Amino acid sequence: MLKEFFTAALGMQNQQTRLEVIANNIANSNTVGFKRANVFERNLIDARANFYNVKGDVEQNDPAIGSYYDFSNGAFQKTDNPMDLAIDGEGFFLVEDQEGKQLLTRNGEFRLSEDGTFVRNDGKMLIGEEGPIKISSEFFSNPTITQDGKGINLRIAQTGEVFLNDAQIGKIVLVVPEDKVELQRISNGEFIITGISDIKYLDFDQVKVRQGWLENSNVDVVSEMVQMIELQRMFEAGSKVIQTNDSTLDRSIALGRYF
Amino acid sequence: MDKTLRTAATGLSAQQKYVEIIANNISNVNTTGFKKVRPEFQDLLYETLRPAGAVSRVGVEPLNEVQIGSGTELAATTKIWSQGDVQQTGNPLDLAINGEGFFVIRKPDNSIAFTRDGSFHIDRLGQIVNAQGYILEPGFTIPADTVEVQISRDGYVEVLLDGETEPQSLGQIELARFINPAGLRAVGDNLYVETPASGRVFFETPGQNNTGEILQRYLETSNVDIVEEMVNMITAQRAYELNSKSVRTADDILGVAVNLKR
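Chains as they are written, first to last, in my numbering: chain W, 819 to 1077; chain A, 373 to 634.
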């Protein structure tokens, strides 16, 4: 009799988690380069086995749901900023923090740091084929010395080469992990590779870097709303199962009084 | 459950700031030389219920991670330095730069600031000054008996004095350039000052190396595009409503859960 309570409660908990994930998608509907996550319920037998926790130990790390990232492209938006980059195709920019830890991101809102390095808003450096992409410090601190009459012009080709006044100062690399399952998201639109996967460098035949463009969040309003309605109704359905069970139980107990 | 509420609250507050930024852009649509500002949002920390690649107790195959994010925040704002339209005014001391340079302004405390706002005047002493009365570098004094001021595209200031036929040269306006204008700090009154992030200032003759020519009798309007701002405002407003639906749904669900117990 009590089994139904737990089955229903399990379903309701899953809907709560779904709502939390959807709320995060929605909150990030204007975050550049954001990839929506989606939740699916796992096989109920697996899930129940977990929930009952036959071995009797605490097992919080194995919820009855799974999730995946939707890596489809978001809409591209033209900005007038030459430091904005978008990836047309699959892949990620490779960025590196001060400790040398490498991270992957689709957010291309770069800027120049105080020493002329291409950085994200939190200071992580954009990595190219030969280390961080950077305007030489001599030029940055005293731009007139190498001025060759062509003006200061930062141009980034679709194949990733970065030109300053027609002189190449670096080449952006685009990467993917060998296995996308091993990507774990941390904050600020960044992913870290958790498993044993190596980084695979992408060939610019299939992907392009677009200067002056940004990739919007790929959160789709309609599907988030539909999911929200669906999960709310499923939550209510779960509550009816519990209430019905409760009243059945109530009657069974009441029945006992006649004997 | 209240995680949903807090996540939605970060979304609401971020979209509200988005509207505030749009409102500031729109209110400066007629400000000479104003450059629009864009927000940059980022997602916050993720709570990982199960790390990527973990193996289920009952299954054997590695599973996708399950992560729950905690919302969004406004991480930074960026100024967009694109050229605004130039508009004819007829005033001989209205100057517009058709390129990437800045006018150099000397403030009363002798510090230097930079501006794209080229609406200049002549003060009591005959000096060319901006709207705040700060001097346009390197300093020009217009004689009292001047009938016409001419400023050439490469910055030469010439005056035609009363009773003369040949104009007299007062000097040349130099424009400032930066490798990274996005790194300049706005100090109000349409003025900017140099920072380490902008790179060192360097001076160039107008018209050289993308610095831009000086157009006399023109002003550069704001680069705010009303259509774009309206589209952004709709986006922000709808995103705000969407986040409020998360709050509503979380509240409804909480109500159902509370009412489980009769």
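Where is the CB? At the ideal position from N, CA and C, for every residue including glycine.
A quick note: this is a predicted structure, and the numbers were derived from the prediction, not measured.
Verify whether the separation of the beta carbon atoms of Thr-379/A and Asn-1034/W is less than 8 Å. Remark: C-beta atoms of Thr-379/A and Asn-1034/W do not approach each other more closely than 8 Å.
Distance, Ile-1010/W Cα to Val-913/W Cα: Rounded to the nearest angstrom, the gap between the Cα atoms of Val-913/W and Ile-1010/W is 10 Å.
Identify, in the order they occur along the chain, each residue of the same chain with its Cβ nearer than 7 Å to the Cβ of Val-619/A, setting aside the five sequence neighbours on each side.
Excluding positions up to five away in sequence, the list reads Leu-377 and Ala-380.
| task | Quick one: grab the DSSP three-state call for Met-901/W. | result | Met-901/W falls in the coil class under three-state DSSP.
Worksheet entry | Extent of the continuous alpha helix (DSSP H) run through Leu-547/A | It is not in any alpha helix (DSSP H) - Leu-547/A instead sits in the beta strand (DSSP E) that spans 547-549.
(Q) Classify Leu-465/A: buried if its beta carbon has 16 or more other beta carbons within 10 angstroms, exposed otherwise. (A) With 16 or more Cβ atoms within 10 Å of its Cβ, Leu-465/A is classed as buried.
Exercise for the section: Go through its chain and collect everything with a Cβ distance to Ala-516/A's Cβ below 8 Å, but skip five positions before and after it. Expected result: Closer than 8 Å at Cβ, skipping near neighbours: Gly-498.
### Message
Would you call the region 601-620 of chain A in contact with the region 382-394 of chain A, where contact means no fewer than 3 C-beta pairs closer than 8 Å?
### Response
Judged by Cβ distances under 8 Å, the region 601-620 of chain A makes contact with the region 382-394 of chain A, as three or more pairs qualify.
Quick check on Gly-505/A - is its C-beta less than 8 Å from some C-beta in chain W? With a threshold of 8 Å between beta carbons, Gly-505/A makes no contact with chain W.
Q: Using only alpha-carbon positions, find the residue among Gly-1013/W, Gly-988/W and Glu-927/W that is nearest to Ile-945/W.
A: For the set Gly-1013/W, Gly-988/W and Glu-927/W, the Cα lying nearest the Cα of Ile-945/W is the one of Gly-988/W.
Might you give, ordered along the chain, the residues of its own chain that have their beta carbon closer than 8 Å to the beta carbon of Asp-898/W, omitting 5 neighbours on each side? The residues are Gly-1030.
In three-state terms, what does DSSP make of Asn-397/A? Three-state result, Asn-397/A: helix.
### Query
Using a Cβ-Cβ distance under 8 Å, would Phe-413/A count as near chain W?
Yes, because at least one Cβ of chain W sits closer than 8 Å to the Cβ of Phe-413/A.
- request: Please list, in chain order, all residues of the same chain as Val-1059/W whose beta carbon is under 7 Å from its beta carbon, the five residues on each side excluded.
  value: Closer than 7 Å at Cβ, skipping near neighbours: Glu-822 and Ala-826.
*Does DSSP classify Glu-433/A as helix, strand or coil?*
Confidence is the limiting factor: at Glu-433/A the pLDDT is only 49, short of 50, which leaves the residue's position unreliable, though a coordinate-based value still follows. Coil at Glu-433/A, not helix or strand.
- Item | 8 Å Cβ shell around Ser-541/A - same chain, five flanking residues per side excluded | Within the same chain, Cβ atoms closer than 8 Å to the Cβ of Ser-541/A are found at Tyr-528, Val-529 and Glu-530, the five residues on either side in sequence being excluded.
| said: For a cutoff of 8 Å on Cβ pairs, would you count Gln-439/A as touching chain W? | reply: Any Cβ of chain W closer than 8 Å to the Cβ of Gln-439/A would place that residue at the interface, and such an atom is present.
**Request:** Could you check if Met-602/A is buried or exposed, using at least 16 other CB atoms within 10 Å of its CB as the buried criterion?
**Result:** Per the 10 Å Cβ criterion, exposed.
Would you identify the three-state DSSP class for Arg-610/A, choosing helix, strand or coil?
-> Three-state DSSP puts Arg-610/A in a helix.
Checking the sheet assignment: what are the DSSP bridge partners for Phe-981/W?
In the DSSP output, where bridge partners are listed per residue, Phe-981/W has Arg-973/W and Gln-986/W.
task = Closer than 8 Å by C-beta to Val-937/W: which residues in its own chain qualify, once you throw out the five before and the five after it? Chain order, please.
result = These residues qualify, in order along the chain: Phe-928, Arg-929, Leu-930, Ser-931, Met-943 and Leu-944.
So Phe-852/W contacts chain A; which residues on that side make the cut at Cβ distance below 9 Å? Simply Phe-413, Gln-414, Asp-415 and Thr-444.
Discussion item. Could you pull the DSSP bridge partners for Lys-451/A from this structure?
Written reply: In the DSSP output, where bridge partners are listed per residue, Lys-451/A has Val-409/A.
- Query: Looking at the structure shown, is Val-559/A part of a helix, part of a strand, or coil, going by DSSP?
  - Reply: If DSSP states are grouped into helix, strand and coil, Val-559/A belongs with coil.
Using a Cβ-Cβ cut-off of less than 8 Å, give me the residues of the region 374-403 of chain A that come near chain W, in sequence order.
Residues Lys-375, Thr-376, Thr-379, Ala-380, Thr-382, Gly-383, Ala-386, Gln-387 and Tyr-390.
Looking at Leu-416/A and Thr-444/A, is the spacing between their C-beta atoms short of 8 Å? The Cβ-Cβ distance between Thr-444/A and Leu-416/A falls below 8 Å.
What residues match up with Arg-1051/W in a beta bridge as DSSP calls it? Its beta-bridge partners do not exist; DSSP assigns none.
Practice prompt. Tell me whether Pro-539/A sits in a helix, a strand or coil according to DSSP, three-state version.
Written response: Pro-539/A: coil per DSSP, three-state reduction.
Tell me which residues share the same chain as Thr-621/A and place their Cβ nearer than 8 Å to its Cβ, disregarding the 5 neighbours each side in the sequence. Taking Thr-621/A as the centre and dropping the five residues before and after it, the same chain places the C-beta of Thr-376 closer than 8 Å to its C-beta, in chain order.
Do we get a CB-CB distance below 8 Å when we pair Ile-974/W with the residues of chain A? It does not; no Cβ of chain A falls within 8 Å.
(message) Can you pull out the residues from the region 579-601 of chain A whose beta carbon lies closer than 7 Å to at least one beta carbon of chain W?
(response) Of all residues in the region 579-601 of chain A, Asn-581 and Asn-582 have a Cβ within less than 7 Å of some Cβ in chain W.
Alpha carbon of Glu-548/A to alpha carbon of Gly-949/W, nearest angstrom: For the sequence presented, residue 548/A should be read as Ala rather than Glu. Straight-line Cα distance between these residues: approximately 31 Å.
Practice item. Using a Cβ-Cβ cut-off of less than 8 Å, list which residues of the region 612-629 of chain A approach chain W; keep chain order. Key: Taking 8 Å as the Cβ-Cβ cut-off against chain W, the residues of the region 612-629 of chain A that qualify are Leu-614, Asn-615, Lys-617, Ser-618, Thr-621, Ala-622, Asp-624, Ile-625, Val-628 and Ala-629.
Worksheet item: Helix, strand or coil: which one does DSSP assign to Gln-388/A?
Response: For Gln-388/A, the secondary structure class from DSSP, reduced to helix, strand or coil, is helix.
- prompt: Would you say the region 550-567 of chain A touches the region 484-495 of chain A, given that touching needs at least three Cβ pairs under 8 Å?
  reply: With the cut-off at 8 Å, the region 550-567 of chain A and the region 484-495 of chain A touch.
Notebook entry, point to check: Buried or exposed: Ala-893/W, going by 16 or more other Cβ atoms within 10 Å of its Cβ?
Noted result: Burial call: exposed.
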